[in-house]
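A.B. asks: For the sequence shown, this note's numbering assigns the number 175 to the initial residue and increments by one for each residue that follows.
All residues carry an ideal CB built from backbone N, CA and C; glycine is no exception.
For reference, the structure I am asking about is given below.
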Amino acid sequence: MSDIKIHVLHTGAVCVSPDLPFGGDHCNPIKASGIFQPRESRLWLLVSAYLIEHPKGLFLVDTGWARAMSPEGVFDKKAQVRSLGSLVLYEVNQGQVPLGECVDEQLERMGIKASDIDAVLLTHLDCDHANGLVQVKDAKRFVVAADEVRFASKFTNRVRYNKDWWGMVTLDEFEWNDDKGPFGKSYDLLGDGSIQLINIPGHADGLFAVKVLADDGRFVLQLVNI
């Protein structure tokens with residue numbers, strides 16, 4: 175497994191309240207939403223996906239924004255409200271993805287089609303991670319923690335999540351099968367320890383980081399974006 179490669183794919187940006195990524199234990203849903211904060215205090219942060227080239231296949235971590243968020247590659251409020259399916263959600267996070275930066279557009283430049291992807295690993299189902307799933311809907315498998323699907327299905331989370339983002343595919347929901355990480359819950363994706371999905375709840379119940387481990391003990395731990 176020494177031939178593992180990881181590609182970082184920046185898929186636009188998201189504009190959020192600083193309390194959302196940096197509020198810590200003192201944050202609350204109102205602060206995180208930024209609805210009552212001045213626009214000039216908000217932060218633009220990169221939205222990223224990650225392609226893992228592995229001897230056992232191609233694995234895509236998250237999907238970034240859909241092209242429908244920025245049809246012309248520029249900020250477009252009306253398009254974003256339609257893509258997110260909610261004016262309230264738009265007020266919490268605005269997004270932009272320049273032309274050529276959607277995940278499928280970047281993969282195409284690498285000579286990779288969505289149908290070549292063995293699994294899309296959805297760290298959680300927030301919009302800046304799952305909204306672009308439609309761009310790779312022809313992938314072979316879509317992996318998400320069962321805890322995250324249950325969390326997204328709660329009545330109190332109906333504004334935060336929109337099932338339309340993933341409704342065109344069948345989600346492969348997994349239960350934790352190993353005990354790695356700070357909460358003792360992880361999932362060994364391939365059964366050989368080389369790709370471990372490690373539960374880091376807080377931002378979302380089923381949120382996971384991805385640890386990629388080589389034969390020689392070297393590893394990369396990809397801590398997800400907000």
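How many whole angstroms separate the CB atoms of F316 and V343, which I take to be in contact at a CB cut-off of 8 Å?
C.D. replies: Correct: roughly 5 Å between the Cβ atoms.
A.B. asks: Cutting at 6 Å between CB atoms, please list the residues of its own chain near W340, excluding the five before and the five after it.
C.D. replies: Only A304, L307 meet the Cβ criterion.
A.B. asks: When DSSP builds the beta bridges, which residues end up paired with C189?
C.D. replies: C189 is bridged to W218, Q268.
A.B. asks: Hey, how far is the Cα of R216 from the Cα of R256?
C.D. replies: So the two alpha carbons sit approximately 22 Å from each other.
A.B. asks: Just checking my contact of I163 with A383 at CB under 8 Å: how many whole Å lie between their CB atoms?
C.D. replies: With the chain covering 175 to 400 only, the question about residue 163 has no answer from this structure.
A.B. asks: Who are the Cβ neighbours of C201 in its own chain at under 7 Å, not counting the five residues just before and after it?
C.D. replies: So the list reads D193, once near-sequence residues are dropped.
A.B. asks: Based on the DSSP secondary-structure assignment, which residues constitute the bridge partners of K385?
C.D. replies: Per DSSP, Q370, L395.
A.B. asks: Is it the case that the region 219 to 233 contacts the region 362 to 376, given that we only count it when at least three CB pairs across the two stretches are under 8 Å?
C.D. replies: Segments in contact, yes.
A.B. asks: Once you ignore the five residues that flank A223 on each side, which residues in its own chain have a CB closer than 7 Å to its CB?
C.D. replies: Hits under 7 Å: L183, T185, L234, V235, D236, T237, G238, V277.
A.B. asks: Report all residues from its chain with a CB closer than 7 Å to the CB of L273; omit the five preceding and five following residues, and keep chain order.
C.D. replies: For L273, where only same-chain residues beyond five positions count, the Cβ hits under 7 Å are G247.
A.B. asks: Identify which residue in N267, S260, Q280 has its Cα closest to the Cα of F249.
C.D. replies: It is N267 whose Cα lies nearest to the Cα of F249.
A.B. asks: Near W350, what residues of its chain come up, given a Cβ to Cβ distance below 7 Å and the 5 sequence neighbours on each side ignored?
C.D. replies: K359, S360, Y361, N373.
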